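J.: Yeah, the sequence shown ends on 614 if you go by the UniProt record's numbering, and it's all consecutive.
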Amino acid sequence: AAWQQLHDAYEQALRYDDEDQWQEEEEEQPINMPMGIVYPRPVMTFRAPNTFSGHPLPDVAVKPEGEFTWQAVLDMLCEENEATPEHAPMQLSKALSFLEKKDLSSRMCFEEALLQYLHRVFRPLLTLAAAQTFRWHLVAGSRQPVIQTEINESCLLYYRIEKEIASCFYSTMSPSEELENGKALLSSYQQLQEDDRSHKWFKVALLNLINKYDLSDDYLSLIIELIGWSFQPDPHQFCWQVSEQFYVLFNLHKTGFEKILFALNLEQGKYQQSKKLTSYKRAAQQGNSVFQNDLGAMYYIGEIIKKDFVQAKYWFEKSAGQGNNDALLNLALMYRDGKGVSKNPQKAISLYLNAANKNHPLAQHSLACMYRDGEGVEVDDEQAFKWCQKSAEQGYAEAQYHLATMYIDGRGVDVDYQQVVHWLNLSAEQKNSKAEYTLGYMYYKGTEIPQDMTMAINLLKAAADHGDIDAALVLGQLYVHGREGYLPKDIHQAIAYLNQALEGGEEQSAEILGMIYYQGFEEIAENSALSFNMFFKAAYAGIKRAQRMLSIMYMEGDGTDKNYILSWAWGIISEAYHDLESNDWLPEVRESLSLQDLSRAQRMARILKKRYQL
Numbered sequence: 001a002a003w004q005q006l007h008d009a010y011e012q013a014l015r016y017d018d019e020d021q022w023q024e025e026e027e028e029q030p031i032n033m034p035m036g037i038v039y040p041r042p043v044m045t046f047r048a049p050n051t052f053s054g055h056p057l058p059d060v061a062v063k064p065e066g067e068f069t070w071q072a073v074l075d076m077l078c079e080e081n082e083a084t085p086e087h088a089p090m091q092l093s094k095a096l097s098f099l100e101k102k103d104l105s106s107r108m109c110f111e112e113a114l115l116q117y118l119h120r121v122f123r124p125l126l127t128l129a130a131a132q133t134f135r136w137h138l139v140a141g142s143r144q145p146v147i148q149t150e151i152n153e154s155c156l157l158y159y160r161i162e163k164e165i166a167s168c169f170y171s172t173m174s175p176s177e178e179l180e181n182g183k184a185l186l187s188s189y190q191q192l193q194e195d196d197r198s199h200k201w202f203k204v205a206l207l208n209l210i211n212k213y214d215l216s217d218d219y220l221s222l223i224i225e226l227i228g229w230s231f232q233p234d235p236h237q238f239c240w241q242v243s244e245q246f247y248v249l250f251n252l253h254k255t256g257f258e259k260i261l262f263a264l265n266l267e268q269g270k271y272q273q274s275k276k277l278t279s280y281k282r283a284a285q286q287g288n289s290v291f292q293n294d295l296g297a298m299y300y301i302g303e304i305i306k307k308d309f310v311q312a313k314y315w316f317e318k319s320a321g322q323g324n325n326d327a328l329l330n331l332a333l334m335y336r337d338g339k340g341v342s343k344n345p346q347k348a349i350s351l352y353l354n355a356a357n358k359n360h361p362l363a364q365h366s367l368a369c370m371y372r373d374g375e376g377v378e379v380d381d382e383q384a385f386k387w388c389q390k391s392a393e394q395g396y397a398e399a400q401y402h403l404a405t406m407y408i409d410g411r412g413v414d415v416d417y418q419q420v421v422h423w424l425n426l427s428a429e430q431k432n433s434k435a436e437y438t439l440g441y442m443y444y445k446g447t448e449i450p451q452d453m454t455m456a457i458n459l460l461k462a463a464a465d466h467g468d469i470d471a472a473l474v475l476g477q478l479y480v481h482g483r484e485g486y487l488p489k490d491i492h493q494a495i496a497y498l499n500q501a502l503e504g505g506e507e508q509s510a511e512i513l514g515m516i517y518y519q520g521f522e523e524i525a526e527n528s529a530l531s532f533n534m535f536f537k538a539a540y541a542g543i544k545r546a547q548r549m550l551s552i553m554y555m556e557g558d559g560t561d562k563n564y565i566l567s568w569a570w571g572i573i574s575e576a577y578h579d580l581e582s583n584d585w586l587p588e589v590r591e592s593l594s595l596q597d598l599s600r601a602q603r604m605a606r607i608l609k610k611r612y613q614l
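Here you go:
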């Protein structure tokens with residue numbers, strides 16, 4: 001009687017209808033921390049050996065004619081699911097039908113062994129089917145509670161992802177809807193990209209939804225390109241190749257994968273025209289002003305299609321004709337720079353003014369810059385300030401930064417450092433690197449505002465992290481000697497920041513690096529060749545000390561071949577030859593040169609100064 005009660009309870013659990021249970025749990029948990037809800041379940045103790053890891057499970061061998069062991073049924077299920085994973089619910093139902101007449105122990109063993117298999121092997125569709133069938137989210141007592149919890153969490157994660165992206169899938173989308181949904185899908189994918197488990201389940205949800213709906217080939221292809229499962233091997237060649245990640249989809253859902261494969265129409269794993277471009281063309285041709293402007297930008301930039309300013313202008317004008325302010329801005333840019341049209345700053349100002357009067361912050365800022373710089377109009381600081389302020393008040397970070405500089409310089413407004421700090425703070429909060437650097441440097445110097453080294457260092461680091469080379473240069477200099485109580489001496493950090501500045505085009509850092517390698521510094525050994533290379537870069541950038549060091553190294557043959565003519569030439573360029581007493585290496589150089597050599601050195605110096613504006 002007890003055995004029958006247990007058997008009946010097990011069968012009742014499998015028949016329990018909890019259609020809304022997953023949904024309720026889904027709404028309670030954040031996507032990165034899913035939790036299963038479990039209730040007590042009787043624990044069965046098995047002692048016979050089994051091939052699966054964890055607690056030993058028995059081989060229940062009931063072998064009358066036409067019957068199978070639970071192990072054979074499990075093997076059959078796993079083999080079938082590997083071949084066609086999308087049929088998991090039917091395959092599991094079939095497997096359970098073979099076990100209907102088995103004793104309860106066999107069925108329990110089958111369930112627990114399947115649980116362990118799904119923990120070891122990523123079979124997502126079978127996992128979902130098994131979790132739903134066996135109600136793993138409702139019951140506890142498994143001898144593998146950790147595994148059961150992990151699977152429950154994975155299922156909850158899947159349902160959350162599926163719910164989030166489900167609105168991006170339905171039949172009979174317009175081209176514009178396909179693009180909007182594609183962008184939303186990409187946004188969801190990017191939020192999960194750093195989480196490997198979420199990334200896997202995203203693919204499963206995507207394939208299930210693709211299989212569920214009748215979607216256009218253009219939409220399916222667009223999804224693959226947007227997500228990055230196809231790419232341009234050569235940015236100069238307009239040819240796309242599917243990635244290894246794309247082929248992973250085959251093992252997850254073969255039917256869904258085949259629908260995508262058919263849509264892509266590949267030739268040796270490649271296709272010739274961007275699917276993104278195709279979708280934008282369709283939406284633009286149907287009159288969507290936003291996508292008309294975007295298509296114009298594609299032709300203007302020339303990333304996924306050859307640059308074509310004529311086409312860019314055509315689509316910008318189409319979009320602007322429907323009142324799209326971004327398109328007005330882009331047309332103004334073409335006239336300002338003379339790309340695809342004759343350069344016409346006055347026309348640019350007219351277009352900027354049109355968009356600016358409609359409160360377009362970028363147009364307002366661009367108009368301010370033209371008044372400030374006198375492009376197509378007389379310099380007018382008051383107009384520049386007016387339009388820059390309008391843009392800044394709408395939250396445009398670049399305008400906020402430039403408004404602060406106008407308060408610093410007193411252009412169109414009185415100097416006001418309280419306003420400077422206010423607008424730089426607002427811009428820096430949006431990670432504008434120039435604002436971070438300017439405010440950080442002001443706190444560092446402590447002349448216009450009270451010095452605050454903690455704020456200075458934090459802002460300078462933020463600016464350098466966001467690519468500002470001036471901030472990297474200042475930090476490199478600070479780390480060379482450190483700042484007691486605020487910044488430790490760290491030559492390796494100094495070199496890293498100085499190299500960042502140099503890579504960004506700040507040649508002054510090359511002169512500092514040259515001195516570090518010339519003299520050696522703490523654990524950094526002398527390196528004449530590297531030092532010469534750094535001084536060479538800085539010298540050609542017009543840095544006088546580097547030019548003098550180059551003269552010395554040519555004289556000594558240090559890091560390069562000895563060459564008195566070049567030594568004297570760089571002495572002339574650096575103007576060191578005006579003070580021979582202070583620059584004591586030059587008299588030796590001059591005495592070693594003939595009049596003819598001195599003449600050659602002077603001619604070489606003139607040529608270098610003229611050619612490189614030294």
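Glycine residues also receive a C-beta, built at the ideal position from the N, C-alpha and C atoms. These figures come from a predicted structure and were not determined experimentally.
Our contact map puts Tyr443 next to Leu459 with C-beta atoms below 8 Å; I'd like the distance itself, whole angstroms only.
T.: Within the sequence shown, residue 443 is the residue found at index 443, counting from 1. Within the sequence shown, residue 459 is the residue found at index 459, counting from 1. That pair is a contact at about 7 Å.
J.: Under a three-way DSSP split, which group does Gln322 fall into?
T.: In the sequence shown, the residue the question calls residue 322 occupies position 322. The answer is coil: DSSP assigns Gln322 none of H, G, I, E or B.
J.: Would you check if the segment 93-100 and the segment 169-181 touch, i.e. whether three or more CB-CB distances between them fall below 8 Å?
T.: In short, these stretches do not touch, since the Cβ pair count stays below three.
J.: Quick one: any contact between the segment 502-511 and the segment 522-531, if contact means 3 or more CB pairs under 8 Å?
T.: With the cut-off at 8 Å, the segment 502-511 and the segment 522-531 do not touch.
J.: Which one of Ala464, His481, Val73 and Tyr486 has the shortest CA to CA distance from Asn499?
T.: Residue numbering aside, residue 499 sits at position 499 when the sequence shown is read from its first letter. Comparing Cα-Cα distances from Asn499 to each of Ala464, His481, Val73 and Tyr486, the minimum goes to Ala464.
J.: Using 8 Å for Cβ pairs, my map puts Ala494 next to Gly476. What's the rounded Cβ distance?
T.: Translated into the one-based positions of the sequence shown, residue 494 becomes position 494. Translated into the one-based positions of the sequence shown, residue 476 becomes position 476. Confirmed, about 5 Å.
J.: Ignoring anything shorter than 3 residues, give me the beta strand (DSSP E) runs that lie fully in the segment 524-570, in order along the chain.
T.: Segments of the beta strand (DSSP E) lying fully in the segment 524-570: there are none.
J.: May I ask you to report which of helix, strand or coil DSSP gives Glu194?
T.: Residue mapping note: residue 194 aligns to position 194 of the sequence shown, counting from 1. The answer is coil: DSSP assigns Glu194 none of H, G, I, E or B.
J.: Does DSSP classify Val377 as helix, strand or coil?
T.: Numbered from its first residue, the sequence shown carries residue 377 at position 377. In this structure, Val377 counts as coil in the three-state DSSP scheme.
J.: Quick check: the Cα distance between Met453 and Glu393, rounded to an integer number of angstroms?
T.: To locate residue 453, count along the sequence shown from 1; it is residue 453. To locate residue 393, count along the sequence shown from 1; it is residue 393. Roughly 29 Å between the two C-alpha positions.
J.: Please say whether Glu398 and Arg336 have beta carbons closer to each other than 8 Å?
T.: Taking the sequence shown and counting its residues from 1, one reaches residue 336 at position 336. Taking the sequence shown and counting its residues from 1, one reaches residue 398 at position 398. For Arg336 and Glu398, no; Cβs fall outside 8 Å.
J.: Can you tell me whether Val413 is helix, strand or coil according to DSSP?
T.: In the sequence shown, residue 413 corresponds to position 413, counting from 1. DSSP places Val413 in coil when its eight states are reduced to three.
J.: Is the segment 121-129 in contact with the segment 147-161, if contact means three or more CB pairs nearer than 8 Å?
T.: These segments touch.
J.: Assign Met90 to buried or exposed, taking buried as 16 or more other Cβ atoms, counted over all protein chains shown, within 10 Å of its Cβ.
T.: One-based indexing of the sequence shown puts residue 90 at position 90. With fewer than 16 Cβ atoms within 10 Å of its Cβ, Met90 is classed as exposed.
J.: Based on the DSSP secondary-structure assignment, which residues constitute the bridge partners of Trp240?
T.: Locating residue 240 in the sequence shown gives position 240, counting from the first residue. Answer is Tyr271.
J.: Please report the distance separating the alpha-carbon of Asp381 from that of Cys388.
T.: Mapped onto the sequence shown, residue 381 falls at position 381. Mapped onto the sequence shown, residue 388 falls at position 388. Roughly 10 Å between the two C-alpha positions.
J.: Where do the N-terminal and C-terminal ends of the alpha helix (DSSP H) with Arg603 fall, by residue?
T.: What you label residue 603 is simply residue 603 of the sequence shown in a count that begins at 1. Per DSSP, Arg603 belongs to the alpha helix (DSSP H) from Leu595 to Tyr612.
J.: Note down, one range per segment and in chain order, each alpha helix (DSSP H) of at least 4 residues found wholly within the segment 283-339.
T.: 289-301, 309-320 and 325-337, all fully within the segment 283-339.
J.: Counting Cβ pairs closer than 8 Å, one from the segment 329-344 and one from the segment 307-318, do we hit at least three?
T.: Because the criterion of three Cβ pairs below 8 Å is met, the segment 329-344 and the segment 307-318 touch.
J.: Tell me the rounded alpha-carbon separation between Lys183 and Phe134.
T.: Translated into the one-based positions of the sequence shown, residue 183 becomes position 183. Translated into the one-based positions of the sequence shown, residue 134 becomes position 134. Those two C-alpha atoms are separated by around 37 Å.
J.: In whole angstroms, what is the alpha-carbon distance linking Ser53 and Leu209?
T.: Your numbering for residue 53 matches position 53 in the sequence shown. Your numbering for residue 209 matches position 209 in the sequence shown. Confidence at Ser53 is low in this model, with a pLDDT of 38, below 50, so the placement of that residue is unreliable and no value is reported for it.
J.: By the 10 Å Cβ neighbour count, where 16 or more other Cβ atoms means buried, how is Asn251 classified, buried or exposed?
T.: Looking up residue 251 in the sequence shown gives position 251. Classification of Asn251: exposed, given that the 10 Å Cβ count is below 16.
J.: Decide if Gly440 is buried, meaning its Cβ has at least 16 other Cβ atoms within 10 Å, or exposed.
T.: Locating residue 440 in the sequence shown gives position 440, where the first residue counts as 1. With 16 or more other Cβ atoms within 10 Å, it is buried.
J.: Going by C-alpha to C-alpha distance, which of Leu77, Gln132, Glu86 and Ala88 sits closest to Ala113?
T.: Translated into positions along the sequence shown, residue 113 becomes position 113. Here the closest residue by C-alpha is Leu77.
J.: For Leu185, which of Leu331, Phe169, Arg197 and Gly485 has the nearest alpha-carbon?
T.: Taking the sequence shown and counting its residues from 1, the one referred to as residue 185 is at position 185. Checking every option, the nearest Cα to that of Leu185 belongs to Phe169.
J.: State buried or exposed for Gly321, treating a residue as buried only when at least 16 other CB atoms are found within 10 Å of its CB.
T.: The residue you call residue 321 lines up with position 321 of the sequence shown. Exposed, since its Cβ has fewer than 16 Cβ neighbours within 10 Å.
J.: Which partner residues of Ser230 appear in the DSSP bridge assignment?
T.: Stepping through the sequence shown from its first residue, residue 230 is reached at position 230. Answer by DSSP bridge pairing, in chain order: Val242.
J.: Using the C-alpha atoms, what's the distance from Asp294 back to Ser350?
T.: Sequence index remark: in the sequence shown, residue 350 carries index 350 (1-based). Sequence index remark: in the sequence shown, residue 294 carries index 294 (1-based). Distance between the alpha carbons of Ser350 and Asp294: 22 Å.
J.: Return the residue from the list Glu317, Ile573 and Tyr299 that minimises the CA-CA distance to Phe309.
T.: Along the sequence shown, read from residue 1 onward, the residue named residue 309 stands at position 309. Phe309 has its Cα closest to that of Tyr299, out of Glu317, Ile573 and Tyr299.
J.: By the 10 Å Cβ neighbour count, where 16 or more other Cβ atoms means buried, how is Leu608 classified, buried or exposed?
T.: On the sequence shown, position 608 is the one that residue 608 refers to. Buried.
J.: Count the other CB atoms within 10 Å of the CB of Leu595; is the residue buried (16 or more) or exposed (fewer)?
T.: Here residue 595 refers to the residue found at position 595 when the sequence shown is read from its first residue. Looking at its Cβ environment, which holds fewer than 16 other Cβ atoms inside 10 Å, Leu595 is exposed.
J.: Note down the Cα distance separating Glu26 from Leu249, rounded to an integer number of angstroms.
T.: Stepping through the sequence shown from its first residue, residue 26 is reached at position 26. Stepping through the sequence shown from its first residue, residue 249 is reached at position 249. Only weak support is given to the placement of Glu26: the predicted model assigns it a pLDDT of 41, under 50, and the value that follows is read from those uncertain coordinates. If you take the alpha carbons of Glu26 and Leu249, they lie about 25 Å apart.
J.: Can the beta-carbon of Phe231 be found closer than 8 Å to that of Lys306?
T.: On the sequence shown, position 231 is the one that residue 231 refers to. On the sequence shown, position 306 is the one that residue 306 refers to. Going by C-beta atoms, Phe231 is not nearer than 8 Å to Lys306.
J.: Label Asn288 either buried or exposed according to how many other C-beta atoms from any shown protein chain fall within 10 Å of its C-beta, with 16 as the threshold for buried.
T.: Within the sequence shown, residue 288 is the residue found at index 288, counting from 1. By the neighbour-count rule (16 or more Cβ atoms within 10 Å), Asn288 is buried.
J.: According to DSSP, is Leu222 helix, strand or coil?
T.: As a working note, residue 222 is residue 222 in the sequence shown. Helix.
J.: If we ignore side chains and look at the alpha-carbon of each, how far apart do Gln71 and Asn81 end up?
T.: Translated into the one-based positions of the sequence shown, residue 71 becomes position 71. Translated into the one-based positions of the sequence shown, residue 81 becomes position 81. Looking at the two C-alpha atoms, the distance is approximately 15 Å.
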